[in-house]
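Protein chains: 2
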Amino acid sequence: MSALLADVPLSRSVEDYLKVIYHLSSQGGFATTSDIAAMLLVAPPSVSGMVRRLSDSGLIEHVPYRGVQLTNQGRRAALRMIRRHRVLELYLTERLQYDWDGVHDEAERLEHAVSDELIDRMAMALGNPQYDPHGAPIPTAAGEIEETVLVPLAEVEVGAPYELRQVDTEDPARLRYLAEHGLVPGKGVTVTERQPFNGPVTLTLVPGGERVIGQELAQLLLCKRA
Amino acid sequence: MSALLADVPLSRSVEDYLKVIYHLSSQGGFATTSDIAAMLLVAPPSVSGMVRRLSDSGLIEHVPYRGVQLTNQGRRAALRMIRRHRVLELYLTERLQYDWDGVHDEAERLEHAVSDELIDRMAMALGNPQYDPHGAPIPTAAGEIEETVLVPLAEVEVGAPYELRQVDTEDPARLRYLAEHGLVPGKGVTVTERQPFNGPVTLTLVPGGERVIGQELAQLLLCKRA
DNA sequence: ATTAAGAATTAGTTGAAGCTAAATTGTCTC
DNA sequence: GAGACAATTTAGCTTCAACTAATTCTTAAT
Numbered sequence: 001m002s003a004l005l006a007d008v009p010l011s012r013s014v015e016d017y018l019k020v021i022y023h024l025s026s027q028g029g030f031a032t033t034s035d036i037a038a039m040l041l042v043a044p045p046s047v048s049g050m051v052r053r054l055s056d057s058g059l060i061e062h063v064p065y066r067g068v069q070l071t072n073q074g075r076r077a078a079l080r081m082i083r084r085h086r087v088l089e090l091y092l093t094e095r096l097q098y099d100w101d102g103v104h105d106e107a108e109r110l111e112h113a114v115s116d117e118l119i120d121r122m123a124m125a126l127g128n129p130q131y132d133p134h135g136a137p138i139p140t141a142a143g144e145i146e147e148t149v150l151v152p153l154a155e156v157e158v159g160a161p162y163e164l165r166q167v168d169t170e171d172p173a174r175l176r177y178l179a180e181h182g183l184v185p186g187k188g189v190t191v192t193e194r195q196p197f198n199g200p201v202t203l204t205l206v207p208g209g210e211r212v213i214g215q216e217l218a219q220l221l222l223c224k225r226a
Numbered sequence: 227m228s229a230l231l232a233d234v235p236l237s238r239s240v241e242d243y244l245k246v247i248y249h250l251s252s253q254g255g256f257a258t259t260s261d262i263a264a265m266l267l268v269a270p271p272s273v274s275g276m277v278r279r280l281s282d283s284g285l286i287e288h289v290p291y292r293g294v295q296l297t298n299q300g301r302r303a304a305l306r307m308i309r310r311h312r313v314l315e316l317y318l319t320e321r322l323q324y325d326w327d328g329v330h331d332e333a334e335r336l337e338h339a340v341s342d343e344l345i346d347r348m349a350m351a352l353g354n355p356q357y358d359p360h361g362a363p364i365p366t367a368a369g370e371i372e373e374t375v376l377v378p379l380a381e382v383e384v385g386a387p388y389e390l391r392q393v394d395t396e397d398p399a400r401l402r403y404l405a406e407h408g409l410v411p412g413k414g415v416t417v418t419e420r421q422p423f424n425g426p427v428t429l430t431l432v433p434g435g436e437r438v439i440g441q442e443l444a445q446l447l448l449c450k451r452a
């Protein structure tokens with residue numbers, strides 16, 4: 001009922017909740033209380049409380065004991081946060097010499113404080129880029145986001161040429177390891193062998209040589225048929 | 227008693243209080259409850275409450291019914307915030323085309339979110355500058371700040387050459403007006419006439435010509451004998 | 001159909017930081 | 001020295017967003 005027109009400023013917590021709900025429900029389904037709690041490192045009752053508030057202000061739809069989904073208004077707010085985060089990550093790496101494995105925490109705090117104007121100025125200074133340092137698409141100021149279907153390297157067709165597009169983690173240790181082994185967005189990659197039972201994946205990089213990586217990392221490397 | 231070693235993260239409010247207490251007590255005296263309340267736009271009892279908390283954590287010294295002063299620990303924290311604010315203001319104007327009259331609000335929000343590392347990187351990118359866009363000195367990362375005695379243009383010796391060093395306001399309207407009339411840090415200025423009873427001040431700019439400004443603005447323009 | 005396990009929710013508490021209204025203290029004047 | 005007035009503080013309440021403990025609901029297995 002409320003906030004149909006008024007774009008009330010959201011609290012830091014609300015912004016965090018919307019972001020994780022967006023991620024958890026991005027594959028169409030519901031985000032559950034316990035998943036949200038796990039992602040935000042809070043207790044489930046805290047989530048129940050916030051779900052009530054978010055639902056009251058029309059940002060999410062709540063089906064008791066099932067989970068939540070974003071409303072259009074909620075999705076708009078979530079995409080705004082994601083735009084902020086990704087523009088910040090790119091700006092920090094491009095203009096202030098941050099490493100791609102170190103930007104996440106800084107962006108995480110800044111995204112709640114920056115104005116839309118600053119984000120747009122940063123985006124402008126970078127030439128209105130489409131992707132962040134990890135290859136994730138940056139939503140436009142209007143709230144549109146590119147939706148490309150990408151395949152984890154772990155599930156790619158053996159022998160076929162792919163392009164590594166996105167690295168789906170923010171964990172510094174994993175990111176550092178991947179960068180050291182040349183596994184960054186833009187690389188050409190062909191899987192030459194895949195062991196069964198979640199075994200290692202052998203691949204050829206272009207440019208670059210052979211690599212063998214485990215199942216867990218192969219799951220994070222999102223590719224597109226070349 | 228607490229926090230002798232632990233550098234506990236401070237809340238947004240605490241940081242704001244420390245900053246205004248620093249400014250209010252910079253001329254040596256005490257910052258009073260009502261002055262703090264007026265600057266932060268909160269009610270006096272809210273200040274009393276916060277003063278208790280700040281005093282408990284050793285950031286200020288409180289003399290009941292007199293006022294408060296920063297402890298060394300409090301001063302260090304306040305100078306850290308001021309460094310953040312001023313580095314941010316300069317970075318935004320130098321690198322992201324903000325006007326000097328528009329940076330304040332953005333810096334005000336960001337200063338609570340940025341890491342020390344980001345501030346140091348920004349400062350580095352700018353060549354470790356000494357002054358912000360308004361001519362105010364930027365404290366070093368170690369917590370030192372330049373203390374130069376500056377004279378308001380309103381109290382300057384008539385006929386003597388001065389250099390305009392600092393513009394002591396963050397009000398966008400006043401800043402815009404001053405910039406339009408060439409009254410920016412670095413300008414040479416000589417007062418040729420001063421009317422009594424808080425009347426207008428006539429001055430000559432180098433480079434630039436004659437100007438007549440009111441007492442209120444003349445009070446904001448801090449100068450040094452050339 | 002019942003029950004046990006697990007997930008979700010409600011109830012009640014806490015701490016920050018704001019508020020108003022009431023009480024207190026300090027100071028200035030007569 | 002006694003008021004009077006302003007400034008300050010105390011008391012008590014509100015909201016946000018967390019928590020623990022207790023309760024309720026769903027689901028899946030016997």
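Protein sequence lines, in the order shown, are assigned to chains C and W. Yeah, the first sequence ends on 226 if you go by the numbering used here, and it's all consecutive. Yeah, the second sequence ends on 452 if you go by the numbering used here, and it's all consecutive. Just so you know, even glycine gets a beta-carbon here, dropped at the ideal spot from N, CA and C. Bear in mind the structure is a predicted one, so any value in this text is a computation, not a measurement.
Looking at the DSSP output, Arg-437/W bridges to Leu-429/W.
Residues of chain C with a Cβ closer than 8 Å to the Cβ of Ala-367/W do not exist; the shortest Cβ-Cβ separation is about 16 Å. With respect to chain C, the C-beta atom of Met-348/W has a partner C-beta closer than 8 Å. Tyr-17/C: member of the alpha helix (DSSP H) spanning 12–24, first to last residue. Taking the beta carbon of Val-375/W as reference, no residue of chain C falls within 8 Å; the closest one sits roughly 35 Å away. In summary, Thr-374/W is exposed, with fewer than 16 beta-carbon neighbours lying within 10 Å of its beta-carbon over all protein chains present. Against chain W, the CB of Leu-18/C has no partner CB under 8 Å away; the residue lies outside that interface. Residue burial is scored here from C-beta neighbours: Ser-11/C has fewer than 16 other C-beta atoms within 10 angstroms and is therefore classed as exposed. The criterion of a C-beta distance shorter than 8 Å is not satisfied by Thr-93/C and Pro-152/C. Taking C-beta atoms as the reference points, Ala-304/W and Leu-316/W fail to come closer than 8 Å.
Straight-line spacing of the CA atoms in Val-114/C and Val-51/C works out to 25 Å. Pairing Asp-101/C with Pro-172/C gives a Cβ-Cβ distance under 8 Å. Going by C-alpha positions, Pro-137/C is about 6 Å away from Glu-146/C. Shortest Cα-Cα distance from Arg-53/C to any of Leu-178/C, Val-14/C, Glu-170/C involves Val-14/C.
DSSP lists Glu-389/W, Val-432/W as the beta-bridge partner residues of Gly-414/W. A contact between stretches requires three or more CB pairs, one per stretch, nearer than 8 Å, and the region 186–196 of chain C fails this requirement with the region 248–259 of chain W.
For Thr-258/W, same chain residues with a beta-carbon under 6 Å away, outside a window of 5 residues either side, are Gly-293 in chain order. Contact with chain W is found for Glu-106/C, since one of that chain's Cβ atoms lies less than 8 Å from the residue's Cβ. Runs of the alpha helix (DSSP H) lying entirely within the region 107–157 of chain C and spanning at least 4 residues, in chain order: 116–125.
It is roughly 8 Å from the alpha-carbon of His-407/W to the alpha-carbon of Arg-437/W.
Put simply, the CB of Arg-335/W is near chain C, with a gap under 8 Å to one of its CB atoms.
When C-beta atoms of the region 156–168 of chain C are compared with those of the region 210–226 of chain C, three or more pairs fall below 8 Å, so the two segments count as touching. With 16 or more other Cβ atoms inside 10 Å of its own Cβ, Glu-106/C counts as buried.
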